[in-house]
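Participant: Position 99, counted from 1, in the sequence shown is what UniProt numbering calls 99; the numbers after and before it change by one each time, with no gaps.
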Amino acid sequence: MSVSRQTTQARQATQAEDKAGRRERILRAAVRQGLLDPESALLAAFVDLDGVDETVASLRAAFPASLQVLHAFAAKANCLVPVLEELRRGGMGCEVASAGELAQALEAGFDPADIVFDSPAKTRAELVRALSLGVTVNADSFEELERIDDILAARPSGSRIGVRVNPQVGGGTISAMSTATATSKFGVPLEDEGNRERLFQAYRDRPWLTWVHTHVGSQGCPLDLIAGGIAKAVAFAEEINTRLGRRQVTGIDIGGGLPVNFADDETTPGFDTYVDRLREHTPALFSGDYEIVTEFGRSVLAKNGFMAAYVEYTKTVGGRPIAITHAGAQVATRTVFAPDAWPLRIEAYDPGGNAKAGPPVAQDIAGPCCFAGDLLARDRTLPRLDTGDLVVVPDTGAYYFSTPFHYNSLPEPAVHGARVDADGKVTFRPLRPAQAAHPLAPALAAR
Ligand SMILES: *Cc1c(COP(=O)(O)O)cnc(C)c1O
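#1: Look up residue 461 in the DSSP assignment and say whether it is helix, strand or coil.
#2: By a C-beta neighbour count over all protein chains shown, 10 Å radius and 16 as the cutoff for buried, is K19 buried or exposed?
#3: Which whole-angstrom value describes the C-beta separation of residue 494 and L36, a residue pair presumed to lie in contact below a C-beta threshold of 8 Å?
#4: Counting along the chain, where does the beta strand (DSSP E) carrying I346 start and finish?
#5: Per DSSP, N354 forms a beta bridge with which residues?
#6: Just to confirm, are A75 and V47 a CB contact at a threshold of 7 Å?
#7: As a quick check of your reading: which residues have a C-beta less than 5 Å from at least one non-hydrogen atom of ligand 1, in chain order?
#8: Might you give, ordered along the chain, the residues of its own chain that have their beta carbon closer than 8 Å to the beta carbon of N138, omitting 5 neighbours on each side?
#9: F306 and P394 - do their beta-carbons sit closer together than 7 Å?
#10: Out of T8, D272, L27, state which residue places its alpha-carbon closest to the alpha-carbon of G424.
#11: What does C94 pair with, by DSSP beta-bridge criteria?
#12: I'd like to know if the stretch 167-184 and the stretch 123-133 are in contact, where contact means that at least 3 CB-CB pairs between them fall below 8 Å.
#13: Note down the Cα distance separating F286 from Y400, rounded to an integer number of angstroms.
#14: Please report the straight-line C-alpha distance between M1 and T427, rounded to a whole angstrom.
#15: Residue ranges of each beta strand (DSSP E) run of no fewer than 3 residues wholly in the stretch 269-310, ordered along the chain?
#16: Does the stretch 59-71 come within contact of the stretch 313-333, defined as at least 3 CB pairs closer than 8 Å?
#17: Between T314 and I322, how many whole angstroms is the CB-CB distance? I'm expecting something under 8 Å.
#18: Which residues in the same chain have their Cβ closer than 8 Å to the Cβ of D224, if we skip the five residues on either side of it in sequence?
#19: Comparing alpha-carbon positions, which option in N241, I226, R155 lies nearest Q201?
#20: Which residues does DSSP list as the beta-bridge partners of D192?
#21: Under the DSSP definition of a beta bridge, which residues are partnered with H416?
#22: Leaving aside the five residues before and after A366 along the sequence, list all residues of the same chain whose C-beta is less than 8 Å from its C-beta, in chain order.
#23: Measuring straight from C-alpha to C-alpha, what distance separates E193 and E24?
#24: Based on Cα-Cα distance, which residue from P120, M92, G417, K232 lies nearest to F110?
#25: Can you grab the Cα-Cα spacing for the pair R204 / R246, in whole Å?
#26: Among residues of its own chain, excluding the 5 on either side of L244, which ones have a beta-carbon nearer than 8 Å to its beta-carbon?
#27: Thinking just about the alpha-carbon of each residue, which of E266, P351, G51 is nearest to the one in L10?
#28: Assuming Q219 and R298 make a contact with CB atoms under 8 Å, what is their CB distance in whole Å?
Here you go:
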């Protein structure tokens, strides 16, 4: 093992300990300050803002400083405006995929030039708005390119415009997350009969088409698959420039999709590992000939957020203990509906927010929703949970509490941003207020 590898591993271990330590401090402070309360705040979510800073710094450090890189956070991973603001202050851009996300990015103060609009279903009105603002647009299809032609004929735009290509390198272990399969709905498939030529002509006829975009997939896609897909997109850009005899393509948007480790607090693979892999697959990306855009979502936020929920009741059914908590499908939709693809860790704490001790017992951790499958974990070994305890669900900073599911009219929980200073003091700031159970619920409760 090389010295630098050893240092990397040591650094990762320290960061993992720090992350777990901050989570416990944040939890205890939240209980003390009433942000978690067994009567009135049964479920709450937290974003570790120090962790976010660390992650953004590691992303920025992973790419050579000599290259022009815009790291556009994929807003769908956590679309809360104060979270987006935090990322903007950290130097990131923002990738959006709907009119709603575009509005959130603008509200968070992103310069339109730092916003990238990707969606396979952009309406004419959305395109007009994006192109008039100067937002970067990646066309998803030949039909969309024709729509852009019409819009630009009426009104020129300063937007950077690219085409999303599907390198068709295949999928990862979660099919719903794989976007570079032979028949994916995203982008222009590079390997379909006649497409390369048709795409080449599209670039030749449109000198304003200066970017190539790809996003190979998300969780479940191995790094080599992602890097291999990006390499094909870069090779295609090189082919266009060579055949045209001019450097028309000046930028490559390499998408996001770095998988996240949901098994413990280690951040593996890191962005540096990813960049090493990219260098092996596509040295041309690092030649300095191209500007780069990245679109990471999950890998920026997942490990920097967690949820905490009270156990309302416990029971034993068919011999197995079950803890009924207030976190279920409304905040962990993917895990509840696809538990094998999206397993989450669960930690057990006492009502004061101190880690529970005791012999491990296999138990189910259920949510509050009225359907039998509403389980955060099945047959999970943990110290036995009791009524009034807290369960913590780490690694949920992306695609969980930020995109709730309104089943059973369950309200969106509050989201608190937290910072822990050198003395261990925790400061909170609101990122999203708790939703009332019903617009009339506070008034009804007061009657
Ligand atoms: C979802 C998505 C991303 C982000 O994916 P992560 O797995 O969260 O990093 C980036 N680009 C596009 C086009 C996406 O659809």
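Idealized CB from N, CA, C, for every residue including glycine. Just so you know, these numbers come straight off a predicted model, no measurement behind them.
Facilitator: By the coordinates alone:
#1: Because the chain spans 1 through 447 in this model, residue 461 falls outside it and cannot be assessed.
#2: As a first step, residue 19 is located in the sequence shown; it is residue number 19 there, counting from the start. The residue is buried, with at least 16 neighbouring Cβ atoms inside 10 Å.
#3: Since the displayed the chain opens at 1 and closes at 447, residue 494 lies outside it and no answer follows.
#4: Working through the sequence shown from its first residue, we reach residue 346 at position 346. No beta strand (DSSP E) contains I346, which DSSP labels as neither H nor E.
#5: For the purposes of this step, residue 354 is taken as residue 354 along the sequence shown, with counting starting at 1. Bridge partners of N354: none, in fact.
#6: One-based indexing of the sequence shown puts residue 75 at position 75. One-based indexing of the sequence shown puts residue 47 at position 47. Cβ distance not < 7 Å, so A75 and V47 don't count as in contact.
#7: For ligand 1, the residues with a Cβ under 5 Å from any of its heavy atoms are, in chain order, A74, A77, D118, H215, S218, G255, G256, G257, E295, F296, G297, R298.
#8: Here residue 138 refers to the residue found at position 138 of the sequence shown. V116, F117, D118, I161, G162, V163, R164, W211, H213, D253, listed in sequence order.
#9: Locating residue 394 in the sequence shown gives position 394, counting from the first residue. Locating residue 306 in the sequence shown gives position 306, counting from the first residue. Result yes, Cβ atoms of P394 and F306 sit closer than 7 Å.
#10: Taking the sequence shown and counting its residues from 1, one reaches residue 424 at position 424. Measuring from the Cα of G424, the nearest candidate turns out to be L27.
#11: Within the sequence shown, the letter at position 94 stands for residue 94. Answer is F73, I115, bridged to C94.
#12: no
#13: The count along the sequence shown starts at 1 and reaches residue 286 at position 286. The count along the sequence shown starts at 1 and reaches residue 400 at position 400. Roughly 34 Å separates the two Cα atoms.
#14: In the sequence shown, the residue the question calls residue 1 occupies position 1. In the sequence shown, the residue the question calls residue 427 occupies position 427. Caution applies to M1, whose pLDDT of 44 falls short of 50 and renders its modelled position unreliable; the model cannot decide the point.
#15: Taking only runs of at least 3 residues, the beta strand (DSSP E) segments lying wholly in the stretch 269-310 are 291-294.
#16: no
#17: Taking the sequence shown and counting its residues from 1, one reaches residue 314 at position 314. Taking the sequence shown and counting its residues from 1, one reaches residue 322 at position 322. Indeed they touch by this definition, with Cβ atoms about 7 Å apart.
#18: Position 224 of the sequence shown, counted from the start, is the residue given in the question as residue 224. Contacts found: R277, H281.
#19: Residue 201 sits at position 201 when you count from the first residue of the sequence shown. When only C-alpha atoms are compared, the closest one is N241.
#20: The residue labelled residue 192 in the question sits at position 192 within the sequence shown. DSSP, once it has assigned bridges, lists no residue as partnering D192.
#21: Here the question's residue 416 lines up with position 416 in the sequence shown. F46, P430, per the DSSP bridge assignment.
#22: Looking up residue 366 in the sequence shown gives position 366. I322, A323, I324, T325, G328, D374, L375, L376, listed in sequence order.
#23: As a working mapping, residue 193 is identified with position 193 in the sequence shown. As a working mapping, residue 24 is identified with position 24 in the sequence shown. Each residue's alpha carbon lies about 55 Å from the other.
#24: Here residue 110 corresponds to residue number 110 of the sequence shown, with the count starting at 1. The shortest C-alpha separation from F110 is found at M92.
#25: Along the sequence shown, read from residue 1 onward, the residue named residue 204 stands at position 204. Along the sequence shown, read from residue 1 onward, the residue named residue 246 stands at position 246. If you take the alpha carbons of R204 and R246, they lie about 10 Å apart.
#26: The residue given as residue 244 occupies position 244 in the sequence shown. If we look at L244 and ignore the five residues flanking it on each side, its Cβ neighbours are Y203, R204.
#27: Here residue 10 refers to the residue found at position 10 of the sequence shown. In the sequence on display, residue 10 carries Ala and not Leu. Selected option, being the one with the closest Cα: E266.
#28: Counting from 1 along the sequence shown, the entry for residue 219 is found at position 219. Counting from 1 along the sequence shown, the entry for residue 298 is found at position 298. With a Cβ gap of about 6 Å, Q219 and R298 count as contacting.
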